[in-house]
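J.: I'd like to ask you about the structure that follows.
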Amino acid sequence: MKTSLSAKMLLLTLGSFLLLIFGITASLYLYFNRFYEPEKINQMINSINRFTAELENSQWSDEELYSEVSKFMKNQNATMSIQSQLSLVMAAPAKAALTASIPDYVVLSKEPARADSISPLNSTAYAPLITSSSLDTVDAANINGSLVLYPTALTTATVASPLDINKKKGVTYTISTIPYTNYRQVNFIKKSTLKSGEVKITSVNLSLQSVNEVTSFLIRFFPFLISASILLSFIMVVVYSKTISKPIISITKTANRMANMELGISSDIKRNDELGALSSSLNTLSVNLKNALDDLSLANTKLTADYEKELCQDKARKEFVANVSHELKTPLGIIRSYTEGIRDGVRAEKKEHYMEVILNEITHMDQMILEMLEISRYDAGAVIYTKKASDISLYLKKSMQIFSEKAYEKGVNIQILGEFGTVIMDEKKIERAVNNLMENAVKYCSPNSTIQVFGERNGKEQRVLIENCCPALSEEAISKIWDRFYKADASHNRETEGTGLGLAIVKSIFEGHGCSYQVNNTASGICFSFTLEAV
Numbered sequence: 001m002k003t004s005l006s007a008k009m010l011l012l013t014l015g016s017f018l019l020l021i022f023g024i025t026a027s028l029y030l031y032f033n034r035f036y037e038p039e040k041i042n043q044m045i046n047s048i049n050r051f052t053a054e055l056e057n058s059q060w061s062d063e064e065l066y067s068e069v070s071k072f073m074k075n076q077n078a079t080m081s082i083q084s085q086l087s088l089v090m091a092a093p094a095k096a097a098l099t100a101s102i103p104d105y106v107v108l109s110k111e112p113a114r115a116d117s118i119s120p121l122n123s124t125a126y127a128p129l130i131t132s133s134s135l136d137t138v139d140a141a142n143i144n145g146s147l148v149l150y151p152t153a154l155t156t157a158t159v160a161s162p163l164d165i166n167k168k169k170g171v172t173y174t175i176s177t178i179p180y181t182n183y184r185q186v187n188f189i190k191k192s193t194l195k196s197g198e199v200k201i202t203s204v205n206l207s208l209q210s211v212n213e214v215t216s217f218l219i220r221f222f223p224f225l226i227s228a229s230i231l232l233s234f235i236m237v238v239v240y241s242k243t244i245s246k247p248i249i250s251i252t253k254t255a256n257r258m259a260n261m262e263l264g265i266s267s268d269i270k271r272n273d274e275l276g277a278l279s280s281s282l283n284t285l286s287v288n289l290k291n292a293l294d295d296l297s298l299a300n301t302k303l304t305a306d307y308e309k310e311l312c313q314d315k316a317r318k319e320f321v322a323n324v325s326h327e328l329k330t331p332l333g334i335i336r337s338y339t340e341g342i343r344d345g346v347r348a349e350k351k352e353h354y355m356e357v358i359l360n361e362i363t364h365m366d367q368m369i370l371e372m373l374e375i376s377r378y379d380a381g382a383v384i385y386t387k388k389a390s391d392i393s394l395y396l397k398k399s400m401q402i403f404s405e406k407a408y409e410k411g412v413n414i415q416i417l418g419e420f421g422t423v424i425m426d427e428k429k430i431e432r433a434v435n436n437l438m439e440n441a442v443k444y445c446s447p448n449s450t451i452q453v454f455g456e457r458n459g460k461e462q463r464v465l466i467e468n469c470c471p472a473l474s475e476e477a478i479s480k481i482w483d484r485f486y487k488a489d490a491s492h493n494r495e496t497e498g499t500g501l502g503l504a505i506v507k508s509i510f511e512g513h514g515c516s517y518q519v520n521n522t523a524s525g526i527c528f529s530f531t532l533e534a535v
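Each residue of the sequence shown is one higher than the one before, starting from 1 at the first, in full-length UniProt numbering.
Below you can see the structure in the form of structure tokens.
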């Protein structure tokens, strides 16, 4: 069972979406937590360094400083405080338990005190309290005075998790977990020295979001993502079907029709992309295949015609040889018989007759050989035609005069009727063709009948018709009458003189002039006609 292209595209698109969703969710669940905290800390360190660099190089007023701090807190989603460095006097360090009281002490170190943070058990704890303060103004940036640490009682609510102090790019930071919550926070401290020599302590507190909570939310949202993916897949398949699948199916159907030899068809996909180029190439292929097959068909037809023509020519050659042998054998036999009679001493009153018969047969053979040579020249294309404008009626009248005596002997009347004029022809060859047709008409015409030569002019054509009164020809005789040595009397009766080559010569002359010719039966006999170019 074949799967349609649209179904494959649906499965592929849906699978791609689901794989992408599963991949993103799995990556968030497994790896995002490892990436989130370091990246967030690095971003904050870079932001603190940029801020402190501007703080050191700029002489901000209190209002400007307040504005920049507010801007920083808004952009970074963190809390920030800037303090002047305090001199602390430690009276005595103390080791504290969770509920122990811390005695008074004085801080001698000038390192900044870490306020509101307590180390775990057996670590030093500080509860700062500023005494003897002297406030210059309400908006003073600095508070001057000594710092005395006041002992306080420790409770579990104020005890943070163990701390690891880290330092990177000049920024010191610690990461801790807020008690009774899943949130983690990072405290950053950076000391800066202004151009005036004053030392500022920049403190930033950043809360880290719970990545696991976000991931859990994504997992709960997962069914909605799958539903959206399925819907989006169907929408994309519809779009694919119209833009890609449908044109491909159309091109495939066209190609299948071409494969079934339905050539000459074309694909109607017209686009400026690869599918359009494929459709255009397929149309070009169809045209080329059709032209090639048409040429091949013509070549096969021509080859078949040439083969049949060759067979006909071979048959004609065999018939020609047989006919020539017959035509030559008969006069040669007559000549031989009469020559032997003369040699054996025929009577003197018959000798003259014998000599006349021999001379007639020699003349007949000579004429036949000349006509055979003439036909061979026509077949070889060695005949040169010299065409010019001439009046066809002159040659018809001349031919009528030549055969008038033979016609008179049979009581035949020759008439020239109709319209004749100037035509383009080779005078000698058309004269030969007209004489052959006229001779044939007189020879086979019934006694005491009429031969009509009729002319018709139609535009640029001159038609000549020669009709005599005689028995009608059969269909076979009409189709073969132009062949060499063909005679309606298959017995080759010598009572009708002729070589059987006259009409074959007429055919070659007419074809050399490129004119049409035909023979057909009429109500009273047979009509030969041909057409020449009129002037």
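All C-beta atoms, glycine included, are put in the ideal place defined by N, C-alpha and C. Predicted model only: the values in this text are computed from it and were never measured.
Classify N360 as helix, strand or coil using the three-state DSSP reduction.
T.: Here N360 sits in helix by DSSP.
J.: Would you give the residue range spanned by the alpha helix (DSSP H) that R257 belongs to?
T.: Note, R257: alpha helix (DSSP H), 246-259.
J.: Pop quiz: T254 and I265 are said to be a contact at Cβ under 8 Å. What is the actual Cβ separation, rounded to whole angstroms?
T.: Right, the Cβ-Cβ distance comes to about 6 Å (below 8 Å), so this counts as a contact.
J.: For S390 and V423, which I take to be in contact (beta-carbon distance under 8 Å), what is that distance rounded to the nearest angstrom?
T.: With 8 Å as the limit, S390 and V423 qualify as a contact, their Cβ atoms being about 7 Å apart.
J.: Give a yes or no on contact between the region 406-420 and the region 356-371, applying the rule of three or more CB pairs nearer than 8 Å.
T.: Verdict: no, contact absent.
J.: In angstroms with no decimal places, state the Cα-to-Cα distance between A277 and T304.
T.: A277 and T304: Cα-Cα distance of roughly 40 Å.
J.: Buried or exposed for Y385, please, with buried defined as at least 16 other CB atoms from any protein chain shown within 10 angstroms of its CB.
T.: With fewer than 16 other Cβ atoms within 10 Å, it is exposed.
J.: Helix, strand or coil for A472 per DSSP?
T.: Residue state, collapsed to three classes: coil.
J.: When you compare only the Cα positions, how much space is there between K410 and D295?
T.: Looking at the two C-alpha atoms, the distance is approximately 57 Å.
J.: Helix, strand or coil: which one does DSSP assign to R347?
T.: In this structure, R347 counts as coil in the three-state DSSP scheme.
J.: Given L135, which residues of its chain have a CB within under 6 Å of its CB, disregarding the five upstream and five downstream residues?
T.: For L135, the predicted model reports a pLDDT of 39, less than 50, meaning its position is unreliable; a value from the coordinates is still stated below. If we look at L135 and ignore the five residues flanking it on each side, it has no Cβ neighbours.
J.: Hey, how far is the Cα of S376 from the Cα of S446?
T.: Straight-line Cα distance between these residues: approximately 33 Å.
J.: Roughly how many whole angstroms lie between the Cα atoms of I505 and G514?
T.: Cα to Cα, I505 sits roughly 14 Å from G514.
J.: Considering only the beta carbon of each residue, do W482 and K443 sit closer than 8 Å?
T.: No. Outside cutoff.
J.: Do G170 and N49 have their C-beta atoms closer together than 8 Å?
T.: The answer is yes: Cβ separation under 8 Å.
J.: Name the two residues that bound the continuous beta strand (DSSP E) containing G512.
T.: Where G512 is concerned, there is no enclosing beta strand (DSSP E), although the alpha helix (DSSP H) it sits in stretches over 502-513.
J.: Can the beta-carbon of V321 be found closer than 8 Å to that of I392?
T.: No.
J.: By Cβ distance below 7 Å, which residues in the same chain neighbour A140 in space, the five residues on each side in sequence not counted?
T.: Caution is warranted here: a pLDDT of 39 is assigned to A140, below 50, making its placement in the model unreliable, and the coordinate value is therefore given only provisionally. None.
J.: Which residue or residues does DSSP assign as beta-bridge partners of V204?
T.: Partner(s): M80, F188.
J.: Where I219 and A26 are concerned, what is the direct C-alpha to C-alpha distance, given to the nearest angstrom?
T.: So the alpha carbons of these two residues sit roughly 10 Å apart.
J.: Is the beta carbon of L208 less than 8 Å from the beta carbon of K74?
T.: Cβ atoms of L208 and K74: not closer than 8 Å.
J.: From the DSSP output, in three-state form, read off L532 for me.
T.: Three-state DSSP puts L532 in a strand.
J.: With DSSP collapsed to three states, give me the class of residue 536.
T.: The shown model of the chain, from 1 to 535, leaves out residue 536, and the question about it has no answer.
J.: Buried or exposed for Y183, going by 16 or more other Cβ atoms inside 10 Å?
T.: With fewer than 16 Cβ atoms within 10 Å of its Cβ, Y183 is classed as exposed.
J.: What's the C-alpha gap between V287 and L263?
T.: Approximately 8 Å between the Cα atoms of the pair.
J.: Would you tell me roughly how many angstroms separate the C-alpha atoms of N435 and L396, rounded to the nearest one?
T.: Roughly 8 Å separates the two Cα atoms.
J.: What does DSSP give as the partner residues of F454 in its beta bridges?
T.: F454 pairs with L417, L465.
J.: So the beta strand (DSSP E) V423 belongs to, where does it begin and stop?
T.: Where V423 is concerned, the enclosing beta strand (DSSP E) stretches over 422-425.
J.: Report the rounded CA-to-CA distance for M44 versus K71, giving the unit in angstroms.
T.: Computed Cα separation, rounded: 14 Å.
J.: Can the beta-carbon of M438 be found closer than 8 Å to that of F485?
T.: No, the pair does not count as a contact, with Cβ atoms beyond the cut-off.
J.: In three-state terms, what does DSSP make of K446?
T.: For clarity, residue 446 is Ser in the given sequence; the question names Lys instead. Correct three-state label for S446: coil.
J.: Please classify D426 as buried or exposed, where buried requires at least 16 other C-beta atoms within 10 Å of its C-beta.
T.: Its Cβ being crowded by 16 or more others within 10 Å, D426 is buried.
J.: K428 and E533: beta carbons closer than 8 Å?
T.: No, they are not a contact pair.
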